[in-house]
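Novice: Could you have a look at this structure, given as structure tokens, before my questions?
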Amino acid sequence: MIKLPPVNICLFLLISIVDSIENEKCKPKPIAIGQCQNKFYNFTSLSQDQEAEVQIPIETYRSLLSNGCSKHLNFLLCSVYVPFCDYDTGIQLEPCRKVCEKVQFDCEPILKLVNLSWPEKLNCSRFPLESSHQMQCMHPSQEENLQRKIQIQNLSLNKDRNNIHEPKQYRGQCRHMRNGEKYVFINRTGRCALKCSENDFFSKESKTIAEIWMKVITSLTFVSTLFTCVTFCHNRRIRYPEQPIIFLTFSYNIYSISILLRLFLGREKVSCDFDPVSGQKILIQEGLENTNCAITFLLNFFFSTATHMWWIMLCLCWTLFCALNVSALSLAKNSGIFHLFVWLMTSVLTVSVLILRSVDADELFGLCSVGEQTPDLLLTFSIIPQLICLIIGFIFLLSGFFFFKYRTKKFSNKSLCHHQKITFLLSIGFRLGLFSIIYIIAIATMICCELYQYYNYHYWSRAPIKFSKRKDAIVAVFLLKFFMNQVVGINSAIWILSLDSVAAWKKCFVMLLEKVTFNKKIKSNSREIESYGQLNSTNSNKYWLYCKSGN
Numbered sequence: 004m005i006k007l008p009p010v011n012i013c014l015f016l017l018i019s020i021v022d023s024i025e026n027e028k029c030k031p032k033p034i035a036i037g038q039c040q041n042k043f044y045n046f047t048s049l050s051q052d053q054e055a056e057v058q059i060p061i062e063t064y065r066s067l068l069s070n071g072c073s074k075h076l077n078f079l080l081c082s083v084y085v086p087f088c089d090y091d092t093g094i095q096l097e098p099c100r101k102v103c104e105k106v107q108f109d110c111e112p113i114l115k116l117v118n119l120s121w122p123e124k125l126n127c128s129r130f131p132l133e134s135s136h137q138m139q140c141m142h143p144s145q146e147e148n149l150q151r152k153i154q155i156q157n158l159s160l161n162k163d164r165n166n167i168h169e170p171k172q173y174r175g176q177c178r179h180m181r182n183g184e185k186y187v188f189i190n191r192t193g194r195c196a197l198k199c200s201e202n203d204f205f206s207k208e209s210k211t212i213a214e215i216w217m218k219v220i221t222s223l224t225f226v227s228t229l230f231t232c233v234t235f236c237h238n239r240r241i242r243y244p245e246q247p248i249i250f251l252t253f254s255y256n257i258y259s260i261s262i263l264l265r266l267f268l269g270r271e272k273v274s275c276d277f278d279p280v281s282g283q284k285i286l287i288q289e290g291l292e293n294t295n296c297a298i299t300f301l302l303n304f305f306f307s308t309a310t311h312m313w314w315i316m317l318c319l320c321w322t323l324f325c326a327l328n329v330s331a332l333s334l335a336k337n338s339g340i341f342h343l344f345v346w347l348m349t350s351v352l353t354v355s356v357l358i359l360r361s362v363d364a365d366e367l368f369g370l371c372s373v374g375e376q377t378p379d380l381l382l383t384f385s386i387i388p389q390l391i392c393l394i395i396g397f398i399f400l401l402s403g404f405f406f407f408k409y410r411t412k413k414f415s416n417k418s419l420c421h422h423q424k425i426t427f428l429l430s431i432g433f434r435l436g437l438f439s440i441i442y443i444i445a446i447a448t449m450i451c452c453e454l455y456q457y458y459n460y461h462y463w464s465r466a467p468i469k470f471s472k473r474k475d476a477i478v479a480v481f482l483l484k485f486f487m488n489q490v491v492g493i494n495s496a497i498w499i500l501s502l503d504s505v506a507a508w509k510k511c512f513v514m515l516l517e518k519v520t521f522n523k524k525i526k527s528n529s530r531e532i533e534s535y536g537q538l539n540s541t542n543s544n545k546y547w548l549y550c551k552s553g554n
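See below:
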């Protein structure tokens, strides 16, 4: 595929826009391609050589045509590859955007089944929204649909080109967006990116509230997780099967650091990038060029994914401990396997996102993640992995508690030693169960929020012409999602306090206080000894002088 220099691309786009607005003159020639001949119109602007060139790309749609996904597919292909040239006026017309969008809506799911994307040549944003005095388009007539005739709307043109004025409605390449004037078309990706200075889904006030919310929740998460990790380092009483909670908490701590880093650097430095073609700052779609975005994404996505993997390991250890009577010591000896699984799976997902260059920025919080502007990627790399981890962990958790109930019944009528074991098991089961309930509620709620985002994103972004009822994003849903994503980290402090950590910290502070008091006593004694030595030295000097004077 030949790549044109950026200057040539810009010139081509400029010519295309001018050509679509002014409908320049064309020379009508009879259509020779059998797929379009005597079906919709009889004349085209292509020469015979040009028609021979477009014959091959049209043939690539043969299987899609045989599928019959849309009755207007053949019309769209002919009007795009073999454009109509009116014999009387010499005007070349394109299909109306509504026709293209209808065909895309009907046929794109078929392409997705075989992992193919919608062709760039059929990008509906290239076509006029509707016919006007300045811009004409065509669509299959509803009255003559059986004969596949073409109705050309508003063909009365102003012959004086100097009197043609720019239409008031936005006619840029992002006109398919709800607020197309707030977007910039990126040639490299073929997508529209929101300008950093604009507000589309969320108002400026909503972003201010989100910034405050982010500071409060992230600070709580960081302090809570740090307290839990420091307590574990000080008090090594936390053993398997509960120890994965510590690594889960550590992952939440690094995750909170990534958000604190975003708050420290600022929204624009992390979530925005400069587009050299348009000369404007845009909301990042492929964040690998922005170092700040790439770093925050790696910390954010890697460690948030690790929290879900550690949840599976926690429930697995609980099942092994209860069902197979695997001791805490044996679980600790095999902890390397748990770490290998967690960090390997997390790395695979993270590298996959980087290879696909799927890092994008979120408009509300200004965070770099995956799927914030692409619903399909949100489903692939966020919703589905979280749902799988939640279900697998839940199955392990239930099976563990099933065998836990069996073991407590087994030891209920035994000796005092067995009663102590039951008490030990009950304490572990209570703490782990409480932690798991909060985790399940939080992650399930977060998945629901992301499903809300996944199903409604196109309704928020597309122009109202496509969807009769306009929908707006609910800010509270995104704030709830952010909170639920970190409430497990905040909950870790409550969990660690249930392990008599208060007594451990009290003992630590008492030892520290005793050490400080002891150091003060040593300094006080050293000062007394020093002053006593100085006094003896003075007295000895006086005695020497007295003896000398006596002699």
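When we follow my numbering, the leftmost residue of the sequence shown carries the number 4, and every step to the right adds one. Here a beta-carbon is modelled for each residue, glycine too, at the ideal position from N, C-alpha and C.
1) On a CA-only basis, which of 219, 250, 220 is nearest residue 233? Give me that one, please.
2) Based on Cα-Cα distance, which residue from 224, 500, 474 lies nearest to residue 463?
3) So residue 233 is in the beta strand (DSSP E); what residue range does that whole segment cover?
4) Do residue 198 and residue 185 have their CB atoms nearer than 7 angstroms?
5) Can you name the start and end residues of the beta strand (DSSP E) that residue 57 belongs to?
6) Can you tell me whether residue 55 is buried or exposed? The criterion is at least 16 other CB atoms within 10 Å of its CB, across all chains shown.
7) Who are residue 95's beta bridge partners in DSSP?
8) Rounded to the nearest angstrom, what separates residue 210 and residue 450 at their Cα positions?
9) What number of angstroms, rounded off, separates the C-alpha of residue 260 from the C-alpha of residue 302?
10) How is residue 179 classed by DSSP in three states: helix, strand or coil?
11) Kindly give me the distance between the Cβ atoms of residue 2 and residue 244, rounded to whole angstroms, as I take these residues to be in contact under 8 angstroms.
12) Does the distance from the CB of residue 31 to the CB of residue 43 come in under 7 angstroms?
13) Using a 10 Å radius around the Cβ and a threshold of 16 neighbouring Cβ atoms, would you call residue 456 buried or exposed?
14) Can you give me the start and stop residues for the alpha helix (DSSP H) that residue 115 sits inside?
15) So what does residue 372 bridge to, in DSSP terms?
16) By Cβ distance, which residues of its chain are closer than 7 angstroms to residue 103, with the 5 residues on each side in sequence left out?
17) Assuming residue 221 and residue 489 make a contact with CB atoms under 8 angstroms, what is their CB distance in whole Å?
18) Okay, do the stretch 266-282 and the stretch 363-370 touch, 3+ Cβ pairs below 8 angstroms being the bar?
19) Taking 7 angstroms as the cut-off, decide whether the C-beta atoms of residue 227 and residue 396 are in contact.
20) Report the residue from 307, 384, 426, 284 whose alpha carbon sits nearest the alpha carbon of residue 195.
21) Which residues in the same chain have their Cβ closer than 7 angstroms to the Cβ of residue 279, if we skip the five residues on either side of it in sequence?
22) Under a Cβ-count criterion, where at least 16 other Cβ atoms within 10 Å of its own Cβ denotes burial, should residue 96 be classed as buried or exposed?
Specialist: Taking the coordinates as given:
1) Translated into the one-based positions of the sequence shown, residue 233 becomes position 230. With distances taken between Cα atoms, residue 233 lies closest to 250.
2) Counted from its first residue, the sequence shown places residue 463 at position 460. Considering only alpha carbons, the answer is 474.
3) By one-based count along the sequence shown, residue 233 stands at place 230. Residue 233 -> not in any beta strand (DSSP E); alpha helix (DSSP H) instead, spanning 207-237.
4) Against the sequence shown, residue 198 aligns to sequence position 195. Against the sequence shown, residue 185 aligns to sequence position 182. Yes.
5) As a working note, residue 57 is residue 54 in the sequence shown. It is not in any beta strand (DSSP E) - residue 57 instead sits in the alpha helix (DSSP H) that spans 51-62.
6) For this step, residue 55 is matched to residue 52 along the sequence shown. Residue 55 should be labelled exposed.
7) Taking the sequence shown and counting its residues from 1, one reaches residue 95 at position 92. For residue 95, which the question treats as bridged, DSSP gives the partners 88.
8) Here residue 210 refers to the residue found at position 207 when the sequence shown is read from its first residue. Here residue 450 refers to the residue found at position 447 when the sequence shown is read from its first residue. Going by the C-alpha atoms only, they are around 22 angstroms apart.
9) The sequence position of residue 260 within the sequence shown is 257, counting from 1. The sequence position of residue 302 within the sequence shown is 299, counting from 1. The alpha-carbon atoms of residue 260 and residue 302 are separated by roughly 8 angstroms.
10) Position 176 of the sequence shown, counted from the start, is the residue given in the question as residue 179. Coil, per DSSP.
11) No statement about residue 2 is possible, as the shown extent of the chain runs from 4 to 554 and does not include it.
12) Walking along the sequence shown from the start, residue 31 turns up at place 28. Walking along the sequence shown from the start, residue 43 turns up at place 40. No; because the gap between Cβ atoms is not below 7 angstroms, this pair is not in contact.
13) In the sequence shown, counting from the first residue as 1, residue 456 sits at position 453. By the 10 Å Cβ count, residue 456 comes out buried.
14) In the sequence shown, the residue the question calls residue 115 occupies position 112. Residue 115 -> alpha helix (DSSP H) spans 100-116.
15) If you number the sequence shown from 1, residue 372 lands on position 369. Answer is 363.
16) As a working mapping, residue 103 is identified with position 100 in the sequence shown. Hits under 7 angstroms: 79, 125, 127, 130.
17) Here the question's residue 221 lines up with position 218 in the sequence shown. Here the question's residue 489 lines up with position 486 in the sequence shown. With a Cβ gap of about 7 angstroms, residue 221 and residue 489 count as contacting.
18) yes
19) Along the sequence shown, one-based indexing puts residue 227 at 224. Along the sequence shown, one-based indexing puts residue 396 at 393. The answer is no: Cβ separation not under 7 angstroms.
20) Mapped onto the sequence shown, residue 195 falls at position 192. Nearest C-alpha to residue 195: 284.
21) If you number the sequence shown from 1, residue 279 lands on position 276. None.
22) Residue 96 sits at position 93 when you count from the first residue of the sequence shown. Counting Cβ neighbours within 10 Å, residue 96 comes out buried, since at least 16 surround it.
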